[in-house]
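In our numbering, the protein residues as written are 6 to 374. Below: the structure, in structure tokens.
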């Protein structure tokens, strides 16, 4: 790794835990219950287990693919496909990361407009978030990592809010178990796969990790904590809402926060939404940094020139996707591309990389003989 990135710009292996988990817990956690309930209802927790297990396998494939010789996906593409085809694949990966960033960016703005600032124009909120993100990025990857660290630590007290809905819980909502077809379970798992997105950016920032091969256990730990977080929130939602309510509530997590009554705070969900900015800003910052890094490595485009163009596209995208239907369509499209990446592309790329390395070793032994 030291050949590619100076050690002073690298972060410790355990911080991969915060980089991945900080990205995975985003705006999706406010609304995922409605999406999965359409398919699996009370069996959604089974779909969650399947999706989490699948992501652990893809993380294992990702680490098998990366090495000293190919420390990021740009080098892997060049190793397998040559100079020109690799640039096309790099560009496709860049577009995917942009879609993820835009989905997080626009969805959080919609939450702010629906719950807190209904009369505030989209462009105002967009400019504020873009300005904060740019300020974070100008300080480098170590600061981006620090933001991810605090995004996991500071909002941790919000776990307490899950106690309040349990006083209205109906535990019979969890029965019967496995009442849905395998197809329904898998369709709900597909929705969860997108909620676990973020780990794939490891393929970009891997060279910025000291002794990166030792960080694999922290990547798996981050994914495990994400699973535990979604699992607890899903169970609380299933016992609080009935099936029909859950399928027609756009943001179930915020709806549960509404029932919390504190003498000096009338609308507790405002606290949740405000603090959730700390949760979504790492996702926007990390994805933007990864896009800038990819452009620098693959297309020799300096971040100072790329970032204004990137933020202009992000700003335009936020204005283009204006209605609830359009924002929901953006999320569905991003989910479809992410599913292809997780299920097919990364495992296939890893297998091809391992086969080519093995073939090269055999070829070198024959030459020595």
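Ideal placement from N, C-alpha and C gives every residue a C-beta, glycine not left out.
Legend entry - Coil, strand or helix - residue 1 by DSSP: The structure shown does not extend to residue 1, since the chain is modelled only from 6 to 374, so the question has no answer here.
Legend entry - Integer Cβ distance of residue 14 from residue 196, believed to fall under 8 Å: Not really, about 37 Å apart at Cβ, beyond 8 Å.
Legend entry - Span separating the alpha-carbon of residue 133 from that of residue 114: 11 Å
Legend entry - Length-filtered (4 minimum) alpha helix (DSSP H) runs lying within the region 304-371: 308-325, 329-345
Legend entry - Residue environment, residue 211, which counts as buried when at least 16 other CB atoms sit within 10 Å: buried
Inset, instruction - Could you check the C-alpha separation between residue 67 and residue 50 for me, to the nearest Å? - result: 26 Å
Legend entry - Secondary structure of residue 16, DSSP reduced to three states: strand
Inset, instruction - Could you name the residues of the same chain whose beta carbon sits closer than 6 Å to that of residue 392, not counting the 5 residues immediately before and after it, in chain order? - result: There is simply no residue 392 to check, as the chain begins at 6 and stops at 374 in what is shown.
Legend entry - Runs of alpha helix (DSSP H) wholly within the region 159-209 (minimum 4 residues, chain order): 187-200
Legend entry - Cα-Cα separation, residue 238 to residue 258: 8 Å
Inset, instruction - Whole angstroms is fine: what's the gap from residue 100's alpha carbon to residue 335's? - result: 13 Å
Legend entry - Other residues of its chain near residue 120: CB distance less than 6 Å, five sequence neighbours each side excluded: 278
Inset, instruction - Label residue 338 either buried or exposed according to how many other C-beta atoms from any shown protein chain fall within 10 Å of its C-beta, with 16 as the threshold for buried. - result: exposed
Legend entry - Cα-Cα separation, residue 42 to residue 232: 17 Å
Inset, instruction - Count the CB pairs spanning the region 56-65 and the region 163-179 that are closer than 8 Å, and state whether there are at least three. - result: no
Inset, instruction - Find out if the Cβ-Cβ distance for the pair residue 283, residue 127 is shorter than 7 Å. - result: no
Inset, instruction - Inspect the beta-carbon positions of residue 26 and residue 280 and report whether they are closer than 7 Å. - result: no
Inset, instruction - Let me know the secondary structure DSSP gives residue 267 once reduced to three states. - result: strand
Inset, instruction - With a cut-off of 8 Å on the beta carbons, I'd call residue 204 and residue 224 a contact; round off their distance for me. - result: 6 Å
Inset, instruction - May I ask you to list the residues that DSSP assigns as paired with residue 214? - result: 16
Legend entry - Distance between residue 155 and residue 273 (C-alpha atoms, nearest Å): 21 Å
Inset, instruction - Mind reading off the beta-carbon distance from residue 290 to residue 141? Whole number of angstroms is fine, and I expect it under 8 Å. - result: 5 Å
Legend entry - Three-way DSSP call (helix, strand, coil) for residue 126 in this model: coil
Inset, instruction - Mark residue 45 as exposed unless 16 or more other C-beta atoms lie within 10 angstroms of its C-beta, in which case mark it buried. - result: buried
Inset, instruction - In the DSSP assignment, find the alpha helix (DSSP H) that holds residue 68 and state where it starts and stops. - result: 49-70
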